[in-house]
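A.B. asks: Using our numbering, you'd call the opening residue of the sequence shown number 71 and step up by one each time.
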Amino acid sequence: MLRHLFLTLSRQPNLRRFFEHSPRAQGFTSRFIAGQTLAAGIAVSRQLAARGISTALDHLGENVTTEAAAAAAGAEILAALDAIGETPAPSPSTVAIKLTQFGLDLGDELCLRQVHPLFARARALGTRVEIDMESSAYTARTLAIVKQMHAAHGCVRAVLQAYLYRTENDVAELNRLGVPVRLCKGAYQEPPDVAFPRKADVDANFVKLMETLLGKGTDPAIASHDERILLRALAYARQRGLPPERYEFQMLYGIRRQWQQRLVDEGQRLRLYVPYGEAWYPYFMRRLAERPANVLFLATNLLRK
Ligand code: FDA
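Below is the structure:
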């Protein structure tokens, strides 16, 4: 119920304009968002590196409506790639992008023109671009672009969502092609004909797909804060004798900090998804939707100010 409400609110343009221009925004977004600038994202990345944690840097933004905005997003990511190239990290920091930030709503050709140079730069710097997965309206087109980038540049990681029925087939195909995958549960509002409506089914599908990726995938990333899933992944890796270099864990900046430390202390590879930028509203609302207790945290913070 609350999940549904926050996901609906996340798509309201008027609320988005209002909140993103609020002078008090930084006060309540700082738990999940590094700051408004690339410098803030890099500063967090450096702090994490000192703790043995790698970064996937995300310049916030999605669903741009003009070619100029798509081009500006491209310039921002090139700058981010150059900056992470100069920032030490346990394993190379990556950038995470959403294709609608590069004009996917305006057409595949326009989007491809924006993203090709990002992959070329990432490859030259010895890192990769992770293509986040948005709502199911974009899944097929996103995966088609993932495959093109894999063939042309090789330095891509796809994201697949365990809540979609189609994902089992997508995992099999990307494993066959050798495309690295980040597996997550899925953060959007989806109808029951495309996604499991019950959380228990999503969790069970995640475990099944995770074991396929750990067994047969290329450099898979397990992206979850779910304790049962983390323990299951660790047990699976131990039983199969998989060394930590064969896979990595990923979590979101600001979430489950004790588990982050535990994984690092146990010698596991961990990458944190670190968002920065001014277009924070949809990302932030999806984090509230995942855990309504965050609203309490937010309300307490606002009252304190
Ligand atoms: P679950 O939701 O079951 O949470 C397990 C526990 O984790 C909770 O009980 C709570 O303790 C903690 N937790 C989870 N979310 C929290 C929050 N917001 N605040 C505080 N605590 C929280 N989705 C997508 O559709 N496309 C994408 O590209 C990505 N990319 C991505 C990258 C990375 C690195 C991560 C970790 C996640 C994503 N996601 C995503 C989001 C993902 O789909 C999912 O919505 C969240 O990770 C929440 O699911 P969990 O697996 O954490 O489990």
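Cβ atoms here follow ideal geometry from the backbone N, Cα and C, with glycine treated the same way.
Residue range of the alpha helix (DSSP H) that residue 227 falls in?
C.D. replies: Per DSSP, residue 227 belongs to no alpha helix (DSSP H); it is in the beta strand (DSSP E), 226 to 231.
A.B. asks: Please report how far the alpha carbon of residue 74 lies from the alpha carbon of residue 194, in whole angstroms.
C.D. replies: Each residue's alpha carbon lies about 42 Å from the other.
A.B. asks: In this structure, does DSSP put residue 345 in helix, strand or coil?
C.D. replies: Here residue 345 carries a strand assignment [DSSP, helix/strand/coil].
A.B. asks: Can you give me the start and stop residues for the beta strand (DSSP E) that residue 252 sits inside?
C.D. replies: From DSSP, the beta strand (DSSP E) with residue 252 extends over 251 to 254.
A.B. asks: What three-state label does DSSP hand residue 266 in the structure shown?
C.D. replies: coil
A.B. asks: Under three-state DSSP, which class holds residue 129?
C.D. replies: strand
A.B. asks: By the DSSP assignment, the beta strand (DSSP E) with residue 319 in it spans what residues?
C.D. replies: 318 to 322
A.B. asks: Going by DSSP, which residues form a beta bridge with residue 124?
C.D. replies: 341
A.B. asks: Determine the burial state of residue 349: buried for a count of at least 16 other Cβ atoms within 10 Å of its Cβ, exposed for fewer.
C.D. replies: buried
A.B. asks: Measuring only the C-alpha atoms, how far is residue 90 from residue 132?
C.D. replies: 14 Å
A.B. asks: Just the Cα atoms here: how many angstroms apart are residue 105 and residue 323?
C.D. replies: 12 Å
A.B. asks: Just to confirm the assignment, what range does the beta strand (DSSP E) spanning residue 201 have?
C.D. replies: 199 to 201
A.B. asks: Using 8 Å as the threshold, is the stretch 302 to 311 in touch with the stretch 78 to 89, meaning 3 or more CB pairs across them?
C.D. replies: no
A.B. asks: What are the start and end residues of the alpha helix (DSSP H) that includes residue 221?
C.D. replies: Looking at the DSSP string, the run of the alpha helix (DSSP H) that includes residue 221 is 209 to 222.
A.B. asks: Just checking my contact of residue 112 with residue 153 at CB under 8 Å: how many whole Å lie between their CB atoms?
C.D. replies: Under the criterion of beta carbons closer than 8 Å, residue 112 and residue 153 qualify as touching, at roughly 5 Å.
A.B. asks: Please state the DSSP three-state secondary structure of residue 167.
C.D. replies: In the three-state scheme derived from DSSP, where H, G and I count as helix and E and B as strand, residue 167 is classed as strand.
A.B. asks: With a threshold of 7 Å, establish whether the CB of residue 208 neighbours any heavy atom of the ligand FDA.
C.D. replies: no
A.B. asks: Is residue 218 near the ligand FDA, with its Cβ less than 7 Å from a heavy atom?
C.D. replies: no
A.B. asks: I think residue 433 touches residue 169, with their Cβ atoms under 8 Å apart; what is that distance to the nearest whole Å?
C.D. replies: With the chain represented from 71 up to 375, any question about residue 433 goes unanswered, as that position is not in the structure.
A.B. asks: What span of residues does the alpha helix (DSSP H) with residue 139 cover, start to end?
C.D. replies: 137 to 155
A.B. asks: Kindly confirm or deny that the stretch 221 to 232 and the stretch 190 to 209 touch, where touching means at least three C-beta pairs closer than 8 Å.
C.D. replies: yes
A.B. asks: For residue 22, I'd like the list of residues in its chain whose CB is within less than 6 Å of its CB, leaving aside the five on either flank, ordered along the chain.
C.D. replies: Only positions 71 to 375 of the chain appear in this structure, which leaves residue 22 out of reach.
A.B. asks: If you reduce the DSSP assignment to three classes, tell me which class residue 312 lands in.
C.D. replies: coil
A.B. asks: Would you kindly report the start and end of the unbroken alpha helix (DSSP H) that includes residue 257?
C.D. replies: Taken as a continuous stretch (DSSP letters only), residue 257 belongs to no alpha helix (DSSP H), as it is neither H nor E.
A.B. asks: Beta-carbon within less than 6 Å of residue 359's beta-carbon, same chain only, minus the 5 sequence neighbours each way: which residues are those?
C.D. replies: 73, 76, 77
A.B. asks: Taking the beta strand (DSSP E) that residue 291 belongs to, which residues open and close that run?
C.D. replies: 291 to 293
A.B. asks: Near residue 182, which residues of its chain fall below 8 Å by C-beta distance, leaving aside the five closest residues on each side in sequence?
C.D. replies: 215, 218
A.B. asks: Consult DSSP for residue 195 and reduce its assignment to one of helix, strand or coil.
C.D. replies: coil
A.B. asks: Can you list, in chain order, the residues of its chain whose CB lies under 8 Å from that of residue 289, leaving out five sequence neighbours each side?
C.D. replies: 227, 250, 316, 317, 318
A.B. asks: Could you tell me which residues DSSP puts in a beta bridge with residue 234?
C.D. replies: In the DSSP secondary-structure assignment, residue 234 is bridged to 265.
A.B. asks: Assign residue 119 to one of three DSSP states: helix, strand, or coil.
C.D. replies: helix
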